[in-house]
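There are 2 protein chains.
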Amino acid sequence: MNQHLLDVSCGKCYADLVVINGQIVNVFTGEIYSGGIAVSGEYIAAVGNIDYCIGPDTEIIDAQNNYLTPGFVDGHIHPESSNLSIRNFASAIQSHGTSTIMTDFHEIGVVSGLEGIKAILKEAEETSLNIYFIVPSHIPCAPSLETSAFHFNPETISQGLEDSQAAGISEISGFSIISRDGELLQAMDICADKKLSLQGHLAGISGTNLTTCIASGVAADHEAVSESEALERLRSGCHLMMREGSVAGNLRDCLKPIKKNHLDTSNTSIVTDDLHVCDAVSKGHLDSSIRIALAEGIDFVTAIQMVTINPSRMFHVEHQIGILAPGRRADINITSGPEDFRILSVISAGKLWMENNRILTHYSPAAHDSILLNTMHMKRPVTPEDFHIHVSEDIKRVQVIAMKTESCALITSPVKAWLNVKNGIVQCDIQQDILYIAQVERHGKNGQIGKAFMSGFQLKSGAIACSIGHDNHNVIVLGTNFEDMSLAVNRLNEIQGGQIVVNEGKILSEISYPVCGLLSDLPAEELAAEKEKANLAIQNMSGETTITVPFMVLSFVCLSVIPEYAVTDHGFIDVLQEKVIDPIIAFEK
Amino acid sequence: MNQHLLDVSCGKCYADLVVINGQIVNVFTGEIYSGGIAVSGEYIAAVGNIDYCIGPDTEIIDAQNNYLTPGFVDGHIHPESSNLSIRNFASAIQSHGTSTIMTDFHEIGVVSGLEGIKAILKEAEETSLNIYFIVPSHIPCAPSLETSAFHFNPETISQGLEDSQAAGISEISGFSIISRDGELLQAMDICADKKLSLQGHLAGISGTNLTTCIASGVAADHEAVSESEALERLRSGCHLMMREGSVAGNLRDCLKPIKKNHLDTSNTSIVTDDLHVCDAVSKGHLDSSIRIALAEGIDFVTAIQMVTINPSRMFHVEHQIGILAPGRRADINITSGPEDFRILSVISAGKLWMENNRILTHYSPAAHDSILLNTMHMKRPVTPEDFHIHVSEDIKRVQVIAMKTESCALITSPVKAWLNVKNGIVQCDIQQDILYIAQVERHGKNGQIGKAFMSGFQLKSGAIACSIGHDNHNVIVLGTNFEDMSLAVNRLNEIQGGQIVVNEGKILSEISYPVCGLLSDLPAEELAAEKEKANLAIQNMSGETTITVPFMVLSFVCLSVIPEYAVTDHGFIDVLQEKVIDPIIAFEK
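Below, the structure is given as structure tokens:
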């Protein structure tokens with residue numbers, strides 16, 4: 020028991036810090052009223068009339084009649100998608116009012132295992148970002164369809180759940196429940212026994228399949244992409260995480276049934292899932308989503324509840340965070356009002372962290388644990404020939420299924436196209452936007468290369484590659500020619516991972532990701548600038564495409580659990596059939 | 020994982036039971052719409068369109084367009100207050116739609132310890148009432164002010180929290196937090212470490228004292244008795260349990276700030292605290308409270324949420340109960356609508372338990388564990404002289420503070436009165452309604468007798484006594500003369516506890532409580548009839564009094580944590596000063 024906190028709360032001792040002259044957004048009652056907040060150490064000691072807490076040494080922050088909200092909570096985010104190392108990531112989102120994230124560090128786990136995740140959590144301790152660890156449930160995501168460095172079996176998951184920051188298991192695949200994946204069900208039982216939260220990944224799941232997933236204990240899902248999916252989840256007793264991130268933006272659609280049917284909002288929250296560093300810098304984080312919700316006509320307090328008490332209650336941590344109330348962590352945002360919602364100042368774990376948009380606390384760079392470094396283990400350099408897709412030499416044309424993708428959607432759809440064959444090698448078709456795509460195993464396990472065809476990126480020349488390929492993090496490469504593709508992949512191996520743009524034998528842009536081949540050590544603004552440069556280089560190589568964040572979209576093309584197609588080191592994947600298929604479906608001699 | 024449940028949910032197997040043609044009250048979304056519910060074993064398999072779950076052997080219940088609600092949850096009730104043994108209690112409240120209770124069995128714990136509580140939980144296993152055990156935090160309630168048979172130290176509480184049904188600790192005394200009771204704070208830390216719920220008992224606590232209690236981690240309180248207390252608790256981030264029971268009825272007052280300020284209701288619930296068997300029989304349980312809430316203008320779904328999802332979410336068990344959704348326990352009420360709200364039929368843990376008000380499942384009487392029996396251990400029979408309050412023989416009159424109590428209020432207030440003295444013995448004054456009251460230790464520890472004066476009961480002759488005296492369960496006796504008082508107490512010792520009415524040397528009514536001296540083995544209706552007879556006997560001995568349930572009010576006069584006064588075996592207690600005081604404050608010679 021924190022007796023000093025109790026002493027401050029009752030006026031026996033003075034507060035370390037107070038915020039005065041605020042408009043308190045009380046997410047517990049749904050009210051807004053004038054008042055202040057007194058802080059002792061990392062915790063809130065009192066809220067309301069807190070004059071009695073002010074002593075001679077108390078730091079006084081005048082909110083100047085601005086709003087005071089709890090620090091925001093992102094109930095489902097993968098920090099790795101920002102490509103920022105954790106301290107820079109923390110800084111980036113804290114400056115937008117986020118104080119807590121629920122995250123599985125799944126990507127780190129794929130490359131460096133539970134030990135790697137613990138090393139990242141250790142790095143994060145230097146920051147005041149509050150992290151709940153939601154243990155990844157599916158590493159690898161699809162064991163029979165991809166190669167990862169690590170495998171999380173029920174024992175690993177059980178071990179992860181012992182972590183003091185553990186609050187559940189994440190990304191429980193709906194399809195794996197439906198197919199009665201024994202290891203997954205076992206892990207779910209372990210988690211339920213510990214009274215921790217079962218977080219779903221119910222992409223594309225509806226009807227009786229959804230019923231089965233909820234019956235199995237799944238408490239929340241962040242994969243609703245339409246009005247009907249959102250409504251169905253809520254009616255089924257499934258907490259609706261309305262995703263608004265860099266890859267998928269479903270908030271507006273998810274809000275539709277809520278507005279239309281005047282639904283109870285207490286079982287809804289806003290999450291990001293993935294946040295691109297450029298978006299973090301230019302748009303923000305949950306503050307940006309609140310602006311969208313407000314623009315959609317959601318009441319101010321209701322919108323704030325969706326990023327505070329609602330997720331904290333969902334994870335059973337409302338006694339710790341998500342409410343401006345005594346005993347909770349002193350994570351306080353000073354914000355403007357609903358008309359032009361902005362984070363002005365941030366108090367983080369009791370310390371003034373950002374004042375009038377000026378960050379006061381700068382985190383030192385981490386000396387990364389060795390388990391996080393030197394993780395690129397390709398069996399051998401690739402050659403251009405490695406990317407050939409062969410057919411019999413007498414075939415002139417083949418009809419293929421290519422994956423087509425779009426910006427802000429994880430889903431890939433099929434597009435059929437006829438491609439020419441030269442000397443038994445299927446040729447891409449830049450006119451039709453049917454390009455080569457491949458994934459090269461990089462964990463030193465088997466050196467496999469899976470190949471397929473891709474549409475949507477509109478590259479006219481060159482190749483792009485990166486060492487981030489969900490959820491196995493082998494090297495994914497897209498190109499118009501085999502030479503640029505092999506150059507890109509080999510260079511990534513040399514620099515221990517990253518993202519690269521190659522055109523006609525020249526490297527136009529490269530950003531290295533020394534941490535697990537996933538994370539840069541650049542600060543957010545610098546990394547965003549580098550990425551903008553890379554994107555510009557890609558744009559210069561492209562025709563008209565809707566894909567504005569090509570590397571992020573590229574990394575999702577390997578995701579063998581999101582319909583309809585994927586490419587992994589095993590080959591071209593039919594997600595619903597859960598098997599490798601031949602992209603070639605017909606030929607002409 | 021319950022794989023058969025999953026098979027039913029997805030249509031691979033048929034349901035055991037379905038309810039069709041219902042109006043589903045969806046407490047998750049706040050909607051009401053037509054649909055059915057499919058049940059597999061004890062659990063809900065599907066909700067909505069469940070035609071696919073109906074097989075040739077499925078039991079079909081036609082709801083005839085009535086409403087389907089989740090079984091009700093009482094987040095704070097002491098079953099012992101009904102004086103029913105647990106199976107009869109279960110039957111009584113299940114017939115009113117209650118499927119789950121959160122309870123500490125504190126009274127059993129006082130008399131028979133944790134082992135006794137476990138014996139009661141074992142008895143309850145025969146029923147389908149769902150019980151979460153909220154470990155009592157304060158046995159004895161006030162160690163320096165009363166004698167109990169057992170003491171729950173942090174080790175006992177920790178042991179209790181290991182129980183599979185444990186969901187928190189209960190009745191955390193606000194005053195003990197404020198006085199920094201070391202054992203209590205230690206128990207709270209143990210509970211918080213286990214991520215279980217800290218349930219407060221914050222009677223009379225407000226202002227900075229309330230702030231301190233919330234800062235210590237208290238998550239809920241059931242002791243708000245006024246509009247301002249209710250508002251203050253909610254604004255402080257404290258779940259508001261609005262009590263509407265046999266002893267205290269605070270629901271209307273608690274609803275006032277909610278209606279006035281349009282507060283978020285998701286952090287409010289309705290609880291009983293104490294439910295008299297006569298009320299259970301004549302009025303009902305939470306169904307009766309819902310009728311009050313509806314009459315107060317609360318929306319139907321909101322009222323249902325207050326006794327379903329809200330308490331279940333408060334206790335972090337919303338994945339198990341409180342929602343009509345797949346995977347939850349199949350506790351379903353078929354009810355009439357808001358105009359004339361009644362429970363028509365009850366499905367309990369998947370079985371049709373009551374059909375059109377006819378109970379189908381009758382529980383067999385329990386063979387009580389020996390730890391629950393023969394618990395009256397008075398050191399010796401009392402004599403009339405034991406109840407004398409002596410002063411010096413030359414004193415003619417004394418001024419005393421008597422406790423005054425009223426029906427439906429736990430609080431006692433002081434009333435000053437002058438009393439005559441005869442031969443150095445202070446005399447009661449029937450005209451002024453200042454009577455003798457005493458508590459006699461009965462756990463075989465010390466044989467102490469505490470004495471004081473009482474107002475409010477208006478007895479004109481005789482005495483009443485019972486072996487229930489919160490929270491120590493010594494024998495409490497109220498009377499107009501010493502002879503009837505001693506007869507009453509000694510007879511209670513002979514019959515192993517109960518309640519008794521004596522007048523002029525004759526026993527007018529006695530009901531025995533063989534279980535811990537607290538619980539009868541009579542079914543609810545029979546016990547209620549016996550109690551009505553006893554009440555009638557008391558009424559015949561009384562003038563005009565507002566006290567309609569004299570034995571229940573009597574049992575609360577010993578509660579040394581509810582202001583302003585109490586009597587225990589230690590003597591007359593000033594609750595706020597936490598000490599024994601002399602009821603005599605002045606004298607005339």
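Protein chains in written order, with my numbering: chain A, 20 to 608; chain B, 20 to 608.
Glycine residues also receive a C-beta, built at the ideal position from the N, C-alpha and C atoms.
The alpha helix (DSSP H) enclosing residue i, as first and last residue numbers
{"i": "C232 (chain B)", "result": "G226 to A234"}
{"i": "H95 (chain B)", "result": "Note, H95 (chain B): premise wrong, no alpha helix (DSSP H); not H, not E."}
{"i": "R262 (chain B)", "result": "First-last for R262 (chain B): H258 to R262, but that is the beta strand (DSSP E), not the alpha helix (DSSP H)."}
{"i": "S114 (chain A)", "result": "Unbroken run through S114 (chain A): none, as it is neither H nor E."}
{"i": "P155 (chain B)", "result": "No alpha helix (DSSP H) contains P155 (chain B), which is instead part of the beta strand (DSSP E) from N149 to P155."}
Neighbourhood of residue i by C-beta, 7 Å cutoff - its chain only, sequence neighbours within 5 removed
{"i": "I158 (chain A)", "result": "H125, G128, V129, S167, F169, H170 and F171"}
{"i": "A322 (chain B)", "result": "I309, A312 and L313"}
{"i": "T175 (chain A)", "result": "L133"}
{"i": "G369 (chain A)", "result": "D35, L36, V58, G60, E61, Y62 and A349"}
{"i": "I191 (chain B)", "result": "S156, L203, M207, L217, Q218, G219, H220 and V237"}
{"i": "L363 (chain A)", "result": "N85, I353, T354, S355, N375 and N376"}
{"i": "S612 (chain A)", "result": "Absent from the model: residue 612 (chain A). The displayed extent of chain A is 20 to 608, so no value can be given."}
{"i": "R399 (chain A)", "result": "G466"}
Residue i versus the options, residue with shortest Cα-Cα distance
{"i": "D53 (chain A)", "options": "A:D359, A:I519 and A:V38", "result": "Residue identity check: residue 53 (chain A) is Ser in the sequence provided, not Asp. Checking every option, the nearest Cα to that of S53 (chain A) belongs to A:V38."}
{"i": "S2 (chain B)", "options": "B:H492, B:E523 and B:N491", "result": "No statement about residue 2 (chain B) is possible, as the shown extent of chain B runs from 20 to 608 and does not include it."}
{"i": "A585 (chain B)", "options": "B:M260, B:I191, B:T424 and B:I444", "result": "B:T424"}
{"i": "S255 (chain B)", "options": "A:V46, A:H23, A:N465 and A:T565", "result": "A:V46"}
{"i": "L578 (chain B)", "options": "B:V568, B:I566 and B:F591", "result": "B:F591"}
{"i": "T394 (chain B)", "options": "B:S531, B:W372, B:E78 and B:T77", "result": "B:S531"}
{"i": "A185 (chain B)", "options": "A:N280, A:P155, A:D212 and A:S411", "result": "A:D212"}
{"i": "V587 (chain A)", "options": "A:E513, A:I468, A:P533 and A:T567", "result": "Contrary to the premise, residue 587 (chain A) reads as Thr rather than Val in this sequence. Among A:E513, A:I468, A:P533 and A:T567, the Cα nearest to that of T587 (chain A) is on A:I468."}
{"i": "Q518 (chain B)", "options": "B:E142, B:D123 and B:I495", "result": "B:I495"}
{"i": "V296 (chain B)", "options": "B:A436, B:R461, B:F108 and B:K31", "result": "B:F108"}
{"i": "V572 (chain A)", "options": "A:G264, A:M121 and A:F152", "result": "A:G264"}
{"i": "D292 (chain B)", "options": "B:C32, B:D200 and B:T122", "result": "B:T122"}
{"i": "I444 (chain A)", "options": "A:A457, A:A436 and A:F406", "result": "A:F406"}
Other residues of its chain near residue i: CB distance less than 6 Å, five sequence neighbours each side excluded
{"i": "D388 (chain B)", "result": "A138"}
{"i": "G341 (chain B)", "result": "P89, V92, T327, I328 and S331"}
{"i": "Y422 (chain A)", "result": "Looking at the sequence itself, residue 422 (chain A) is Met, so the reference to Tyr does not match. For M422 (chain A), where only same-chain residues beyond five positions count, the Cβ hits under 6 Å are T431, M473 and Y584."}
{"i": "D452 (chain A)", "result": "S474 and Q477"}
{"i": "P602 (chain A)", "result": "V419, I420, A471, F472 and F591"}
{"i": "V508 (chain B)", "result": "V401, V459, A484, V494 and V496"}
{"i": "S195 (chain A)", "result": "L203"}
{"i": "L527 (chain A)", "result": "V520 and A556"}
Host beta strand (DSSP E) of residue i (start-end)
{"i": "K423 (chain A)", "result": "R416 to K423"}
{"i": "Q458 (chain A)", "result": "L454 to V459"}
{"i": "T88 (chain B)", "result": "Y86 to P89"}
{"i": "L438 (chain B)", "result": "S432 to K441"}
{"i": "V290 (chain B)", "result": "T287 to V290"}
Close-in-space but distant-in-sequence residues of the same chain around residue i (CB under 8 Å, 5 per side omitted)
{"i": "T499 (chain B)", "result": "C447, I449, L454, Y455, L478, K479, S480, G481 and A482"}
{"i": "N131 (chain B)", "result": "A small correction: the amino acid at residue 131 (chain B) is Ser; Asn does not occupy that position in the sequence shown. Answer for S131 (chain B): A138, A168, F169, I390, L391, T394 and C535, listed in chain order."}
{"i": "V300 (chain A)", "result": "A111, A543, E544 and A547"}
(message) Short of 7 Å Cβ to Cβ, which residues in the stretch 24 to 35 of chain A face chain B?
(response) L24, L25, S28, C29 and G30
(message) Quick check for students: name the residue ranges of the beta strand (DSSP E) that lie wholly in the stretch 169 to 250 of chain A, counting only runs of 3 or more.
(response) Within the stretch 169 to 250 of chain A, the runs of beta strand (DSSP E) at least 3 residues long that lie entirely inside it are, in chain order, 185 to 192 and 216 to 220.
(request) Pull out every residue of the stretch 230 to 256 of chain B whose Cβ sits closer than 7 Å to any Cβ of chain A, in chain order. (result) Going along the stretch 230 to 256 of chain B in chain order, one finds T230, T231, I233, A234, S235, G236, A238, L253, R254, S255 and G256 with a Cβ nearer than 7 Å to chain A.
(request) Taking only runs that begin and end inside the stretch 33 to 69 of chain A, name each unbroken beta strand (DSSP E) of 3 or more residues, in chain order. (result) 36 to 45, 50 to 59 and 62 to 67
(request) Could you list the residues in the stretch 275 to 291 of chain A with a C-beta less than 8 Å from some C-beta on chain B, going in chain order? (result) Within the stretch 275 to 291 of chain A, the qualifying residues are N280, H281, L282, D283, S285 and N286.
(request) Could you name each continuous beta strand (DSSP E) segment of 3 residues or more that falls completely within the stretch 346 to 407 of chain A, going from the start of the chain to the end? (result) 351 to 354, 362 to 367 and 370 to 374
(request) Within the stretch 468 to 522 of chain B, note down every full beta strand (DSSP E) run reaching 3 residues or more, in order along the chain. (result) 468 to 474, 482 to 485, 494 to 498 and 517 to 522
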